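Comments concern the structure below.
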Amino acid sequence: MAQSLDRLKESPSQTAGPYVHIGLTPNFCGIGGVYKNDLGSVMVNEQAKGERIELRIRVLDGTGTPLKDALVEIWQADASGLYNSPTELRGAADPNFQGWGRQPTDMETGVCVFKTIKPGRVPFRDGRLMAPHITLWIVARGINVGLHTRLYFSDEEKANAEDPILARVEHRVRVPTLIAGRQGDTYVFDVHLQGEKETVFFDS
Amino acid sequence: MAEPGSNRTPETGAFFQRDRQWHPPAFTPNYKSSVLRSPQKALLSFDNTLSELTGPVFGHAMLGELDNDLIHNFAKPGESAIGERIIVHGRVLDERGKGVPGVLLEFWQANAGGRYRHKKDGYLAPLDPNFGGCGRTITGEDGSYAFRTVRPGPYPWPNGPNDWRPAHIHFSVFGHGFAQRLITQMYFEGDPLIWRCPIVGGIRDKAAVEALIAALDMQSTIPMDALAYKFDIVLRGRRSTLFENRPEGN
Numbered sequence: 172m173a174q175s176l177d178r179l180k181e182s183p184s185q186t187a188g189p190y191v192h193i194g195l196t197p198n199f200c201g202i203g204g205v206y207k208n209d210l211g212s213v214m215v216n217e218q219a220k221g222e223r224i225e226l227r228i229r230v231l232d233g234t235g236t237p238l239k240d241a242l243v244e245i246w247q248a249d250a251s252g253l254y255n256s257p258t259e260l261r262g263a264a265d266p267n268f269q270g271w272g273r274q275p276t277d278m279e280t281g282v283c284v285f286k287t288i289k290p291g292r293v294p295f296r297d298g299r300l301m302a303p304h305i306t307l308w309i310v311a312r313g314i315n316v317g318l319h320t321r322l323y324f325s326d327e328e329k330a331n332a333e334d335p336i337l338a339r340v341e342h343r344v345r346v347p348t349l350i351a352g353r354q355g356d357t358y359v360f361d362v363h364l365q366g367e368k369e370t371v372f373f374d375s
Numbered sequence: 009m010a011e012p013g014s015n016r017t018p019e020t021g022a023f024f025q026r027d028r029q030w031h032p033p034a035f036t037p038n039y040k041s042s043v044l045r046s047p048q049k050a051l052l053s054f055d056n057t058l059s060e061l062t063g064p065v066f067g068h069a070m071l072g073e074l075d076n077d078l079i080h081n082f083a084k085p086g087e088s089a090i091g092e093r094i095i096v097h098g099r100v101l102d103e104r105g106k107g108v109p110g111v112l113l114e115f116w117q118a119n120a121g122g123r124y125r126h127k128k129d130g131y132l133a134p135l136d137p138n139f140g141g142c143g144r145t146i147t148g149e150d151g152s153y154a155f156r157t158v159r160p161g162p163y164p165w166p167n168g169p170n171d172w173r174p175a176h177i178h179f180s181v182f183g184h185g186f187a188q189r190l191i192t193q194m195y196f197e198g199d200p201l202i203w204r205c206p207i208v209g210g211i212r213d214k215a216a217v218e219a220l221i222a223a224l225d226m227q228s229t230i231p232m233d234a235l236a237y238k239f240d241i242v243l244r245g246r247r248s249t250l251f252e253n254r255p256e257g258n
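Line order of the protein sequences matches chains A and B.
172 is the number of the first residue of the first sequence in the working numbering; add one for each residue after it.
9 is the number of the first residue of the second sequence in the working numbering; add one for each residue after it.
In structure tokens:
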């Protein structure tokens, strides 16, 4: 026997279940008066710097049916590529932009909408720039461990082509699963939980 | 940037790899909802970049006075929720055993009869007009937290013909990096339904299930008022950056 490493194990994940709204977006599901607003529902104020964009995201199951009980969170850099986080050591991010948002998928259409700004480029570990991207975290009934992926932008072809994470996707036919298409100021992004078009999910 | 005036140098090391054998797998067919909602292809693994190492911060200023009191935060003035009054408390630690301060914890649950205040819950147990079912708090310097609620009831759910959820409280947890993001459930010591639950049963290791069972803590009760349960939550730890190679200029 060697010495004990004395480490703990991460708490195992459990599904957020069908009633995740009660805890994370209570006003959305009719529980008013406990919190003033649902946390993360508004990401941008008038002072925030950067190009205003809208994300329209759906999460689809293995039959192609949109989930109407999912919850999506996003985390992103500001317009200059800085994160509003204590662990961001490269400089001060835009104080008017927290960079984090949370939206439930609509109970009828399955669409969730984020109004945000287009993020700047953030360096990879070796200093190369990653393409502009937004981190997604998805939970719902039937999802045992929250799913982590990224949304990249279709109009950033050159940056996408040199992105070190996209470069790691072995089966190149799957790269488009990570790229949102632009329609005006809106980016449309479908997350496929399984099937032929299954989104590339991350373990990082 | 670190908060002005803070003496704490933020840690920036990558997080320990998540042990996917310890977590439930995506596909757990006895929990039917997972069948069509589970990715089947291999996950793309990579060491954390800044996008995973960083995360949002939530300050104590956002909290309302009753946010950590589910007995009163939805109740009419002078009234309170019905049920077994309990205090849930514990610490948020990382895998190195360090307390994690400033963690936003959000929790939600059914009422004492096992009914959720949600239009999709049609269980015949009644709603409690004084119980909403949500609360939140932020951990202190040593990672500690506490809130007051009523013990949720178990309830039947449409999975197998006669499946029941053990009494549980859902927890959403924000660490310091987005890679630590976690949602889990707390169960209650001694509940025989834990070991019959298809959702719990997705976890393969008995020790991992036990890590989600809160212990009755008689030393933290309030006599003639509330029982207490202790529930510690563990987030991914960070690697030390002492000997890491860094490119010039970083």
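Every residue gets a Cβ at the ideal spot worked out from N, C-alpha and C, and that includes glycine.
This one's a predicted model, so the numbers in the text were calculated from it and none came from an experiment.
Legend entry - E225 (chain A) (DSSP reduced to helix, strand or coil): strand
Legend entry - Boundaries (first-last residue) of the alpha helix (DSSP H) holding H192 (chain A): V191 to L195
Legend entry - Sequence-distant residues of the same chain with beta carbon closer than 8 Å to F66 (chain B), five excluded per side: G110, L112, I146 and F182
Inset, instruction - State the Cα-Cα distance for the pair R284 (chain A) and Q365 (chain A), rounded to the nearest angstrom. - result: Note on residue identity: the sequence assigns Val, not Arg, to residue 284 (chain A). When rounded, the distance between both Cα atoms is 22 Å.
Legend entry - Whole-angstrom C-beta distance between G122 (chain B) and G72 (chain B), which should lie under 8 Å: In fact, because the Cβ distance is near 27 Å, the residues do not count as touching under 8 Å.
Inset, instruction - Could you tell me the distance, in whole angstroms, from the CA atom of A338 (chain A) to the CA atom of N56 (chain B)? - result: 15 Å
Legend entry - Where V65 (chain B) sits in the DSSP three-state scheme: coil
Inset, instruction - Note down, in chain order, every chain B residue with its Cβ under 8 Å from the Cβ of A250 (chain A). - result: Near A250 (chain A) there are no residues of chain B at all, since even the closest Cβ is about 15 Å away, more than 8 Å.
Inset, instruction - Closer than 8 Å, Cβ to Cβ, to anything on chain B: give me those residues from the region 173–197 of chain A, in chain order. - result: D177, R178, L179, K180, E181, S182, P183, S184, Q185, T186, A187, G188, P189, Y190, V191, H192, I193, G194, L195 and P197
Inset, instruction - Check each candidate in A:V215, A:D265 and A:C200 and name the one with the smallest Cα separation from D240 (chain A). - result: A:C200
Inset, instruction - Return helix, strand or coil for I211 (chain B), following the three-state DSSP convention. - result: coil
Inset, instruction - Please confirm if Y358 (chain A) has its CB atom under 9 Å from at least one CB of chain B. - result: no
Legend entry - Selection of the region 263–284 of chain A by Cβ proximity to chain B, strictly under 7 Å: A263, Q269, G270 and W271
Inset, instruction - Measure the C-alpha to C-alpha separation of R321 (chain A) and P257 (chain A) and round it to an integer number of angstroms. - result: 22 Å
Inset, instruction - Could you spell out the range, first to last residue, of the beta strand (DSSP E) harbouring E244 (chain A)? - result: L242 to W246
Inset, instruction - Express the C-alpha separation of E259 (chain A) and N76 (chain B) in angstroms, rounding to a whole number. - result: 30 Å
Inset, instruction - Starting from the C-beta of D177 (chain A), find all residues in its chain whose C-beta is less than 7 Å away, skip the five residues before and the five after it, and write them out in chain order. - result: none
Legend entry - Close beta carbons around I221 (chain B), own chain, < 6 Å, minus the five adjacent residues each side: Y195 and E197
Legend entry - Span of the beta strand (DSSP E), counted from its first residue to its last, around E114 (chain B): L112 to W116
Inset, instruction - Please classify W116 (chain B): is it buried, with 16 or more other beta-carbons within 10 angstroms of its beta-carbon, or exposed? - result: buried
Legend entry - P237 (chain A) - partner residues in DSSP beta bridges: A:L231
Inset, instruction - With 9 Å as the threshold, decide whether the Cβ of I350 (chain A) is near any Cβ in chain B. - result: no
Inset, instruction - Drop a sphere of 10 angstroms on the beta-carbon of K128 (chain B), count the other beta-carbons inside from all chains shown, and report buried for 16 or more, exposed for fewer. - result: exposed
Inset, instruction - Compare the C-beta of V96 (chain B) against all C-beta atoms of chain A and say whether one is closer than 9 Å. - result: no
Inset, instruction - Using DSSP bridges, identify the partner residues of T348 (chain A). - result: Partner(s): none; T348 (chain A) has no beta bridge.
Inset, instruction - Would you check if the distance between the CB atom of L242 (chain A) and the CB atom of T276 (chain A) is smaller than 9 Å? - result: yes
Inset, instruction - Kindly list, in the order they appear in chain B, the residues whose Cβ is closer than 8 Å to that of I202 (chain A). - result: F82, R125, G140, G141 and C142
Legend entry - Range covered by the alpha helix (DSSP H) that runs through A332 (chain A): E328 to A332
Inset, instruction - Step through the CB atoms of chain A and report whether any lies within less than 9 Å of the CB of Y131 (chain B). - result: no
Inset, instruction - Return the chain-ordered ranges of every alpha helix (DSSP H) run that is complete within the region 58–106 of chain B and spans a minimum of 4 residues. - result: 58–61
Legend entry - Backbone CA spacing between S180 (chain B) and L238 (chain A) [nearest angstrom]: 20 Å
Inset, instruction - Go through its chain and collect everything with a Cβ distance to M9 (chain B)'s Cβ below 6 Å, but skip five positions before and after it. - result: Low per-residue confidence applies at M9 (chain B): pLDDT is 44, beneath 50, and the placement is therefore not dependable, though the value from the model is reported in the following sentence. Nothing listed; no residue qualifies.
Inset, instruction - Quick one: using the 10 Å Cβ neighbour count with 16 as the cut-off for buried, is K376 (chain A) buried or exposed? - result: Outside the modelled stretch of chain A, which goes from 172 to 375, sits residue 376 (chain A), for which no answer is possible.
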